[in-house]
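Asker: Okay, handing you the structure first.
Chains as they are written, first to last, in this note's numbering: chain A, 1195 to 1794; chain B, 1195 to 1794.
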């Protein structure tokens, strides 16, 4: 496994030089104390933990996997997982951005995101245990009664209890309207839940004293569709009146899935056999409550693509600098060695720069989004809150799908740089590929993200949210139009930004006649917006770097940013040219063939 | 695992309706009896074998893997592998396209290729045992002495002995000039070989009585670079004068690699400890001899991408027709069911059609190339032989890299269509992804293929070979220019074909000043030529189908071809637009960043 080194310099660049969190965060009520020093000390502690505790156990954990004991319905996590988790709790990271009222550190999300990225790089399967738990925290914090919050949150924040999201059933994943798990009301206000949930990440394990399942189920008198789903809290151990753990609830792990990757995360089949549950939020509004968790989970999923791309980049870069093979086409670069290090070869550089360009832009995007989440939650300015919320809504599906697709590309390139050694388990690069692959599927497949973006986020409000973003891009381009050094970045960005409105309108008009036009355009459209977003961040990063490079002791760092921006705009951004053509081709080529005639 | 069904109708289309083998093959000396009936009966027997014997054991074999016993240096292959291999030998498939003088069936390669595709679809790890053996056959047949041929070929053809290729060493893969394995001459004309070879596919196993290793090594007085490598035959068991098996040679499997995929193929570390070897071919010309095997191996590698893409398509199509989830955006298609089958969704169709379009074009390309191989070998017309050889040389790296890259895309799409179920091992779709991944790496990484294409095949002869192909495309476009039905295919194909010359010349001129320009262009250039090739075959297939669709009892089959051609030209071929832009950007964006400045 490539040893992980946290990219602290780049976090510093993004947080303090690009989005300049210190101009915003300390002005938000409750974050007065989240100063640059506090950020730095958390980031350093997180880096140390991820480098020294999580990264070293990642490879062995993939081999060992999780062990299910059918007799006791229990799951043993791989060696070191429990101990690392205890340390994580002790460091206060389980409650990093949680409400101080329940024991949280009260730090902003824009600090939580880099901490999450580091976990994903170092050990993504492990990161999902606290990750899912944080999702449960968010849902209970947003929708729970005061009593529910008081009962569950202090434990989830402290980390001695963890949480899950129980949505999927064997016959339904995307289409939750079909779900069959039923909740029968009891006399005491609780319900008895019966059904089977599958693909439950961190669904059963030995890392915490209790597991708080958040379960979607249907009450008897509820509509039989998506409008009849309610959300319930189903603890593994029931809670006594004094808050102590009571009897074992009838919610059991039935088995673990054998998977391509994230093998060290327990993906459980969860059987509910009249399990005691408690309604959270309004009856029949379960899906809306769950979406509180889903949006965070989708961003978290994007972080997996980002973190794994970074890990693959680090592994590939180290190998490319050391592996000697062939000479540079222009003659020996290291004549004293039997061959040149493969980083001299343009095609190896193409792969490394692709990883680097995607990863650094993704880091900027997620930091930007995390800051918007903080503004949305804490700002006293209604308009600022609304703008932030709109940008988050618009860009969450982009972050999820674009970052995981690019992360998969990046991990595969990491493997390719290592050649045959990349395919061998011992080197750890193929694990990054396997671990990354699920991120394109879960929390709504990337195809679903694309429909969410185009249908719900763009077309449904006639492009209002989209225009908030394209206006930002437009302002940036306008402000920097006269800068000769930035021209190579600003011009193509500005050109695409201008085309987006027309492209969007054309799709919208076609979709009014035939809704499949939206479905057919969605995936290409998401990649187009993805490049608009990354193009914006790369141009912005280049501007910041250009302003600082000259005479700086860190000139090499800043010049590398400009060089990577140049690579991005000349080698990756041009994908937009093909996307515009395929978008124009519309739905017909996809829909013409009869389902019976796909094979003979 | 999705049950495999051989695409016999499509083989028939490609062989008999597209490239019309029956107009050519029976005119070649030695192939007079390879009639349509003979083809059909072999294809049916191959289909039956792959469907009934290979496909059912594929999934379990991936779980079981190969077992290495260090005490005896022996390897046990997974359950059923040995028995399937025996049956394969009895059916005569090990010698299908081999020389009748050594017991072969004497069938053309254009029949061997679809048989190979079926094996790759049904069980790619298994297919490599006879696959590597066939490579050894080719090298010995081409370069061995009469005595060597008489000694080894009858057994390899019958299948009771198998073969390997031993090239890679721990410190060298691509750069074989660095190899350290040494051969010391013995008094009897043999050599004693000492060294370590790694990544030896089918390197040790229990399926045959003997294993004939073809080993690259350096003689004491040979140059220390790529010009000092010789090829040696190193049998696992030495051969007695009477042809029977003699003492065990000191060539031992030291361990097996643990890999991401093709787990049922034994990837061995082979230790040679003064092992007895016999020079084959000329001294110091080992690399050239090995390339006899490498070219076939590269095409075989392309077949893996093709076969696995087909398997993934079949699995995804079956799932997409059955899985009920959400309604068509335009309203219920199957109102009697709780939801519509997911094949109604445009984005699912996009994935299925991508698999289909890549697979069917790849099938046409390989059939075409196999036919050229037969012409190259058997034709009495010198010019025809040269043309065929040139087309094979030009398009072999394209077939290897473009087909495996597209195969990886196709297997990943297959997994994506299945959503979460695609990630679960039990469904078998993730195995196809893992098994396919290595095909982009071995037999020369796809980056190396790209340099082979652009550097060696195109620029080195000033585009002569390339022009042979572009002339074919040009003739096709000219001949069909007036056909209104084909206009949508011929026009973009013709446009790209015209651009290729200029694009190639620009790269060539830039490379004269700076060789890195070729290295930087290679991967994009290969994809561009790949689309030129697939575009040609899709336009050609559409023409054949258009001529037969009307009034045919198989109108649905032919119309599906036209519909898939339309999908290809409107949704996949436009990738060329981006490629042309990124090619123009040249090497500078790749080479500017100092190797030290990739990370801070």
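In this text, a Cβ means the ideal position worked out from N, Cα and C, and glycines have one as well. For clarity, every value in this text was computed on a predicted model and none was experimentally measured.
Which residues bound the alpha helix (DSSP H) around residue 1445 of chain B?
Answerer: In the second chain, the residue the question calls residue 1445 of chain B occupies position 251. Counting along the chain, residue 1445 of chain B falls outside any alpha helix (DSSP H), though it belongs to the beta strand (DSSP E) covering 1445–1450.
Asker: I want to know whether the region 1217–1225 of chain B touches the region 1256–1269 of chain B - three or more CB-CB distances under 8 Å.
Answerer: no
Asker: Could you name the residues of the same chain whose beta carbon sits closer than 7 Å to that of residue 1364 of chain A, not counting the 5 residues immediately before and after it, in chain order?
Answerer: One-based indexing of the first chain puts residue 1364 of chain A at position 170. Same-chain partners within the cutoff: 1390, 1392.
Asker: What whole-angstrom Cβ distance do residue 1514 of chain B and residue 1611 of chain B have, given they're in contact under 8 Å?
Answerer: Reading the second chain from its first residue, position 320 is the one you call residue 1514 of chain B. Reading the second chain from its first residue, position 417 is the one you call residue 1611 of chain B. Confirmed, about 6 Å.
Asker: Rounding to the nearest angstrom, what Cα-Cα distance links residue 1503 of chain A and residue 1305 of chain A in this structure?
Answerer: As a position in the first chain, residue 1503 of chain A is number 309, starting the count at 1. As a position in the first chain, residue 1305 of chain A is number 111, starting the count at 1. Looking at the two C-alpha atoms, the distance is approximately 20 Å.
Asker: When the cut-off is 8 Å and only beta carbons count, does residue 1670 of chain B lie next to chain A?
Answerer: Residue numbering aside, residue 1670 of chain B sits at position 476 when the second chain is read from its first letter. Residue 1670 of chain B does not count as touching chain A.
Asker: Report the residue from B:1555, B:1590, B:1672 whose alpha carbon sits nearest the alpha carbon of residue 1566 of chain B.
Answerer: Translated into the one-based positions of the second chain, residue 1566 of chain B becomes position 372. Taking only the C-alpha atoms, the option nearest residue 1566 of chain B is B:1590.
Asker: When the cut-off is 8 Å and only beta carbons count, does residue 1262 of chain A lie next to chain B?
Answerer: Here residue 1262 of chain A refers to the residue found at position 68 when the first chain is read from its first residue. No, residue 1262 of chain A does not count as interfacial toward chain B.
Asker: DSSP three-state call for residue 1767 of chain B: helix, strand or coil?
Answerer: Numbered from its first residue, the second chain carries residue 1767 of chain B at position 573. Coil, per DSSP.
Asker: Might you give, ordered along the chain, the residues of its own chain that have their beta carbon closer than 8 Å to the beta carbon of residue 1720 of chain A, omitting 5 neighbours on each side?
Answerer: Taking the first chain and counting its residues from 1, one reaches residue 1720 of chain A at position 526. Answer for residue 1720 of chain A: 1591, 1592, 1595, 1596, 1640, 1643, 1644, 1647, 1648, listed in chain order.
Asker: At which residues does the alpha helix (DSSP H) containing residue 1328 of chain A begin and terminate?
Answerer: Counting from 1 along the first chain, the entry for residue 1328 of chain A is found at position 134. Its alpha helix (DSSP H) spans residues 1303–1337.
Asker: Indicate, with yes or no, if the ligand SAM has a heavy atom lying under 7 Å from the CB of residue 1357 of chain A.
Answerer: This structure simply doesn't include the ligand SAM, nor any ligand for that matter.
Asker: Kindly identify the DSSP beta-bridge partner or partners of residue 1263 of chain A.
Answerer: Within the first chain, numbered from 1, the residue matching residue 1263 of chain A stands at position 69. A:1268, per the DSSP bridge assignment.
Asker: Mind checking who residue 1282 of chain A pairs with in its DSSP beta bridge?
Answerer: Numbered from its first residue, the first chain carries residue 1282 of chain A at position 88. Paired residues: none, contrary to the question.
Asker: Helix, strand or coil: which one does DSSP assign to residue 1458 of chain B?
Answerer: As a position in the second chain, residue 1458 of chain B is number 264, starting the count at 1. Coil.
Asker: Taking the alpha-carbon positions, what's the residue 1731 of chain A to residue 1752 of chain A distance?
Answerer: Numbered from its first residue, the first chain carries residue 1731 of chain A at position 537. Numbered from its first residue, the first chain carries residue 1752 of chain A at position 558. One C-alpha to the other measures close to 15 Å.
Asker: Taking beta-carbon pairs under 8 Å, can you tell me which members of the region 1615–1639 of chain A lie near chain B?
Answerer: 1616, 1617, 1618, 1619, 1620, 1624, 1627, 1628, 1631, 1632, 1634, 1635, 1636, 1639
Asker: Would residue 1473 of chain B and residue 1385 of chain B qualify as a contact pair, given that the criterion is a beta-carbon distance under 8 Å?
Answerer: Residue 1473 of chain B sits at position 279 when you count from the first residue of the second chain. Residue 1385 of chain B sits at position 191 when you count from the first residue of the second chain. In this structure, residue 1385 of chain B lies closer than 8 Å to residue 1473 of chain B by Cβ.
Asker: Does DSSP classify residue 1391 of chain A as helix, strand or coil?
Answerer: Counting from one through the first chain, the residue named residue 1391 of chain A turns up at place 197. The answer is strand: DSSP assigns residue 1391 of chain A an E or B state.
Asker: Do you know how far the Cα of residue 1342 of chain A is from the Cα of residue 1809 of chain A?
Answerer: Past the boundaries of the shown model lies residue 1809 of chain A; chain A is included only from 1195 to 1794, so the question cannot be answered.
Asker: Does residue 1600 of chain B pass the burial test, meaning 16 or more other C-beta atoms within 10 Å, or should it be called exposed?
Answerer: One-based indexing of the second chain puts residue 1600 of chain B at position 406. It is buried - the Cβ of residue 1600 of chain B has at least 16 other Cβ atoms within 10 Å.
Asker: Counting only runs of 4+ residues fully inside the region 1594–1670 of chain B, write out the alpha helix (DSSP H) ranges in chain order.
Answerer: 1614–1617, 1623–1631, 1640–1645
Asker: Under a three-way DSSP split, which group does residue 1364 of chain A fall into?
Answerer: For this step, residue 1364 of chain A is matched to residue 170 along the first chain. Three-state DSSP puts residue 1364 of chain A in coil, outside helix and strand.
Asker: With burial defined as no fewer than 16 other Cβ atoms inside 10 Å of the residue's Cβ, what is the status of residue 1558 of chain A: buried or exposed?
Answerer: Along the first chain, read from residue 1 onward, the residue named residue 1558 of chain A stands at position 364. When all chains shown are included, residue 1558 of chain A counts as buried.
Asker: Given that residue 1539 of chain A touches chain B, what residues does it touch there, using C-beta distances under 7 Å?
Answerer: To locate residue 1539 of chain A, count along the first chain from 1; it is residue 345. Per Cβ cutoff of 7 Å: 1713.
Asker: For residue 1366 of chain B, decide whether its Cβ has a neighbour in chain A, counting only Cβ atoms nearer than 8 Å.
Answerer: Mapped onto the second chain, residue 1366 of chain B falls at position 172. Closer than 8 Å: yes.
Asker: List the residues that DSSP assigns as beta-bridge partners of residue 1474 of chain B.
Answerer: Reading the second chain from its first residue, position 280 is the one you call residue 1474 of chain B. Residue 1474 of chain B is bridged by DSSP to B:1425.
Asker: Going by Cα to Cα distance, which pick from B:1447, B:1448, B:1433 is closest to residue 1441 of chain B?
Answerer: By 1-based counting over the second chain, the position of residue 1441 of chain B is 247. Selected option, being the one with the closest Cα: B:1433.
Asker: Cβ of residue 1598 of chain B less than 8 Å from any chain A Cβ?
Answerer: As a first step, residue 1598 of chain B is located in the second chain; it is residue number 404 there, counting from the start. Residue 1598 of chain B does not count as touching chain A.
Asker: Beta strand (DSSP E) containing residue 1431 of chain B: first to last residue?
Answerer: The sequence position of residue 1431 of chain B within the second chain is 237, counting from 1. First-last of the beta strand (DSSP E) with residue 1431 of chain B: 1431–1433.
Asker: Please return the same chain residues whose Cβ sits closer than 6 Å to the Cβ of residue 1781 of chain B, not counting the five positions on each side in sequence.
Answerer: What you label residue 1781 of chain B is simply residue 587 of the second chain in a count that begins at 1. These residues qualify, in order along the chain: 1710, 1711, 1714.
Asker: Take residue 1381 of chain B as the anchor and find which of B:1740, B:1470, B:1531 has the nearest alpha-carbon.
Answerer: As a working note, residue 1381 of chain B is residue 187 in the second chain. Residue 1381 of chain B has its Cα closest to that of B:1470, out of B:1740, B:1470, B:1531.
Asker: Pop quiz: residue 1453 of chain B and residue 1631 of chain A are said to be a contact at Cβ under 8 Å. What is the actual Cβ separation, rounded to whole angstroms?
Answerer: Residue 1453 of chain B sits at position 259 when you count from the first residue of the second chain. Residue 1631 of chain A sits at position 437 when you count from the first residue of the first chain. At roughly 16 Å, the Cβ-Cβ gap does not stay under 8 Å, so residue 1453 of chain B and residue 1631 of chain A are not in contact.
Asker: Just verifying my parser: in three-state terms, what is the DSSP assignment at residue 1692 of chain B?
Answerer: Reading the second chain from its first residue, position 498 is the one you call residue 1692 of chain B. It is helical.
Asker: Quick check on DSSP: helix, strand or coil for residue 1536 of chain A?
Answerer: In the first chain, counting from the first residue as 1, residue 1536 of chain A sits at position 342. The answer is helix: DSSP assigns residue 1536 of chain A an H, G or I state.
Asker: In three-state DSSP terms, what is residue 1219 of chain B?
Answerer: To locate residue 1219 of chain B, count along the second chain from 1; it is residue 25. DSSP, reduced to helix, strand and coil, places residue 1219 of chain B within a helical segment of the structure shown.
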